Amino acid sequence: MAQKAGSGIEKIIYGEIHSYYPLKFETDLDFEALCETVRQSTVFFSEEYQNKIMDSLGYSLSRSIREMPGELLQEPDIKMDMKAFSRYNEMTAPPFQMEGDDLQLELEMTDTSVKIHLVSTELEALGQRLDRLHEEQEASSQIYGSGFTSAQDRLILLPFKIELESKETVWLHALLYIFENHMGFLKLELPLINTSPAPLQRNNVDLFISNVINKWKNKNYVSEKSFSHIVEAYLNTLHEDTHIDFIKYGSGIRNIILIDFDGIPKQLNNISKDVQEDLYRIIAAPVPNRRDTSYYRDAQEYIQKNSWGRHGINYLTKTTGGCLSYIDQGLLDMVTEQYKNQTGVKDIKADDHYRICNDLARDVHVNAELALLIIMMKKMNDLNNFYKKVFKPKELAKIQKEYNRNLIFISELQEGCYGTVSEQTAVFEARMPHYLKPEITRNKQSAIDSILKAEEKEKAERFESFLAVGGFMLTLIFGLPAIYETVEIIRNVFGFISVDVPIITLENLSVALWILLNLFMGLKIKSGKQVWK
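With the first letter of the sequence shown counted as 1, position 437 gets the number 452 in the numbering used here; the numbers rise by one all the way through.
Dropping the structure here:
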C-alpha cells in the first residue's frame with residue numbers, strides 16, 4: 016500500500032496510540048488486596064458486566080420473537096426453542112439499552128439449517144482485547160522474564176466507543192497496570208484507521224476524536240472529546256468505588272505505533288525525504304509549517320541520532336519523553352504471507368488486513384514496553400520522593416526507605432530480560448534527557464535535602480534552647496537549697512572554716528553562688544538567641 020516515491024504520510028491506514036498515565040496508590044493494602052479491591056470497581060470488565068450484556072441481548076431477542084406473527088412461528092420449516100427465552104419474559108427492562116450499532120448478526124449455514132448468532136460488538140471487542148492481553152503477557156514473560164510479569168497485574172477496564180474524524184468507529188481500550196510496589200499506570204489505546212496524521216503533527220491527539228459514546232453510562236464522564244476528560248472519568252470512578260487514594264503524576268509517555276501508512280518504506284534504510292520529514296514532524300511536534308521551508312536535514316539528523324531498531328521495526332524516541340514506532344513494507348509483506356499460510360486465505364480483505372496489523376502492533380508494542388515503563392517508574396520515584404519530602408517532612412526516614420526500595424524493585428524488574436532489552440532501555444533513557452531531566456532532578460533533591468537539613472538543625476538548636484531555659488528554671492526553683500547543701504557537705508568533709516565567719520556565712524556564700532550561676536545561664540541563653548536570629 017505504499018505510495019509512489021516523493022510522497023509523504025498523507026494517511027495512516029492502521030496505527031495505534033498508547034498513552035500511559037503514571038499513578039501511585041496510597042494505601043496500606045498489600046498487592047493482592049489492592050488488585051482485588053480494584054476488581055470490585057464498576058469500571059472493571061467483570062463477569063457480572065458480561066452477564067448483563069448477555070441478558071440485554073436475550074431480552075431484545077425475546078421481545079423481537081414475541082412480536083413475530085403467530086403463523087410465522089407455526090411454519091414447519093422454522094424451529095425455535097421458546098424455553099430458551101422464558102427467563103427473559105419476567106424482565107421489565109434490559110440491564111442496558113442496546114442500539115442497532117451495538118449488535119452484529121452472524122449467520123452459520125449448514126445443509127439443513129441456518130443459525131443466526133446475535134453478537135454484542137462491545138463484548139466481541141473486549142474478548143479480542145482479553146485474548147491480546149494474554150498474548151502480550153506470554154510474550155513479555157519470554158522477553159523480559161517471569162519476574163517482570165509476576166510483579167504486576169493488568170486489568171481490562173470498560174471501553175469508550177470512539178468515532179474518529181475519518182468516520183471510522185473504534186473502541187478506546189483502557190487497562191490498569193498495578194505493580195507490587197504500589198506504582199501503576201492507566202493506559203489508553205486508540206486505534207487509528209484511515210486517518211490523517213495532522214493531529215499527531217500538531218501534537219493534539221484529541222483532534223482524532225469526532226465523538227465519544229459512553230456505552231456503560233459512566234456518570235463521571237462529561238461530554239468533552241478529550242483524552243484528559245476520559246482519564247478523569249476512569250480515575251474518579253475508581254476512587255469513588257474503591258475509596259483508595261492515588262497520586263496522578265503528569266509525567267506520562269505516549270507510544271505512537273504506525274503499522275501501515277502512505278509512503279511506508281520498502282526497507283528502513285531507504286526512507287524517502289518526504290516520509291522522513293513527516294516522521295520528524297510527528298515525533299518533534301509541533302514543528303513550524305513554513306512555506307518553501309524544508310526540515311529534511313533536521314529530520315535526517317534527528318532520526319539518525321534517536322533511532323533504535325532492527326528486523327524491520329524502528330523506534331524513534333522523543334527527547335521530551337515518548338516514542339514513535341513504525342515498520343517497513345518488507346516486514347508487513349512477510350507477516351501477510353505467514354497469515355495466508357496459516358489461515359488458507361488467498362485474497363486479503365479488510366478484516367484480514369486489520370487482524371494482521373493488530374498482531375503486528377501488539378508485537379511492536381511489547382518489544383518496547385519494558386523500556387518505557389522503567390523510564391516512567393524512575394521518573395515517578397524521583398517525583399514521589401521530592402513531593403513527599405515537601406509535604407511530609409516529618410516522615411523522612413520512611414520516605415527515604417520507600418525511595419530506596421523502589422530503586423531495588425525497578426532494578427529487579429530488569430534482571431530477567433534479554434541483553435538487547437537492557438541495551439534498548441539504556442538507549443531510550445539516554446535519548447530522553449528532557450523527560451528525565453537528571454540535572455534538574457539532582458538540583459531539586461539537593462535543594463530540598465539542604466532545606467530539610469537546615470530545618471533539622473534549627474529544631475535541634477531550639478531543643479537545646481528549651482533544655483537551657485528548663486535548666487535555668489530548675490536552677491531558679493531548686494538551685495539555692497542544692498547549692499547550700501553542697502557547700503555544707505564540702506565544709507564538713509574537708510573540715511575548713513568549721514564555724515561561720517561574719518558576713519561569709521554558708522547562707523551568704525550559697526546566695527552569691529546562686530546569683531552568679533543564674534547570671535551565667537541567662538547570658539548564655541541570650542547569646543544563643545542572637546545566633547538563632
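From the three backbone atoms N, C-alpha and C, an ideal C-beta is built for every residue, glycine too. All values reported here derive from a predicted model rather than from experimental measurement.
Ser181 and Lys452 have their C-alpha atoms spaced approximately 37 Å apart. With contacts defined as CB atoms closer than 8 Å, Arg446 and Thr335 fail to qualify as a contacting pair.
Around the beta carbon of Thr440, 16 or more other beta carbons lie within 10 angstroms, which makes this residue buried.
When Cβ pairs closer than 8 Å are counted between the two stretches, the stretch 245–265 is seen not to touch the stretch 310–326, the count staying below three. Between His380 and His33, the C-beta gap is smaller than 8 Å, which places the two residues in contact.
Comparing alpha-carbon positions, the option among Glu438, Leu138, Ser22, Asp168 lying closest to Glu47 turns out to be Asp168.
Residue environment for Gln282: exposed (fewer than 16 other C-beta atoms within 10 angstroms of its C-beta). Of the other Cβ atoms in all chains shown, fewer than 16 fall within 10 Å of the Cβ of Tyr433; this residue is therefore exposed. Straight-line spacing of the CA atoms in Asp374 and Tyr354 works out to 10 Å. DSSP places Lys409 within a helical segment (H, G or I) once states are collapsed to three. In the structure shown, Ile268 adopts extended strand secondary structure according to DSSP, grouped into three states.
A check of alpha carbon separations from Thr136 across Val185, Glu153, Thr164 identifies Val185 as the nearest. Here Gly359 is exposed, its C-beta having fewer than 16 other C-beta atoms within 10 Å. Bounds of the alpha helix (DSSP H) holding Val442 are 434–445. In the three-state reduction of the DSSP assignment, Glu62 falls in the helix class.
Beta-bridge partners assigned by DSSP to Phe194: Gln167.
The beta carbon of Asp289 sits closer than 7 Å to those of Gly21, Ser22, Gly23, Gly278, all from its chain and outside the five residues before and after it, given in chain order. Within the model, the alpha-carbon separation for Glu25 versus Gln55 is close to 44 Å. Secondary-structure assignment with DSSP links Tyr35 through a beta bridge to Lys202, Ile268.
For Lys263, the enclosing beta strand (DSSP E) stretches over residues 260–263. Note that the stretch 63–72 does not touch the stretch 412–427; fewer than 3 beta-carbon pairs, one per stretch, sit closer than 8 Å. DSSP places Val302 in no alpha helix (DSSP H); its state is neither H nor E.
Collapsing the DSSP output to three states places Arg217 in coil. Boundaries of the beta strand (DSSP E) harbouring Gly324: 322–325, taken from the DSSP string. Taking C-alpha positions only, Lys468 is separated from Met392 by approximately 27 Å.
Between Asn209 and Glu178, the gap from beta carbon to beta carbon reaches 8 Å or more.
In its own chain, leaving out the 5 sequence neighbours on each side, no residue places its CB closer than 6 Å to the CB of Arg325. The DSSP-derived three-state label of Asn523 is helix. The residue among Pro206, His197, Asp45 with its C-alpha nearest the C-alpha of Ile27 is Pro206. Take Ile228, set aside five residues on each side of it, and the residues of its chain with a beta-carbon closer than 8 Å to its own are Phe175, Lys176, Ile177, Glu178, in chain order. The three-state reading of DSSP puts Trp231 in coil, since its state is none of H, G, I, E or B. The bridge partners DSSP lists for His188 are Glu204. If the five residues before and after Lys230 are omitted, its C-beta is found closer than 7 Å to the C-beta atoms of Glu137, Lys176, all from its own chain and listed in chain order. Cα atoms of Gln315 and Phe443: separation of roughly 18 Å, rounded to the nearest angstrom. 8 Å or more divides the Cβ of Lys459 from the Cβ of Phe535.
A check of alpha carbon separations from Glu410 across Phe60, Ile268, Glu471 identifies Glu471 as the nearest.
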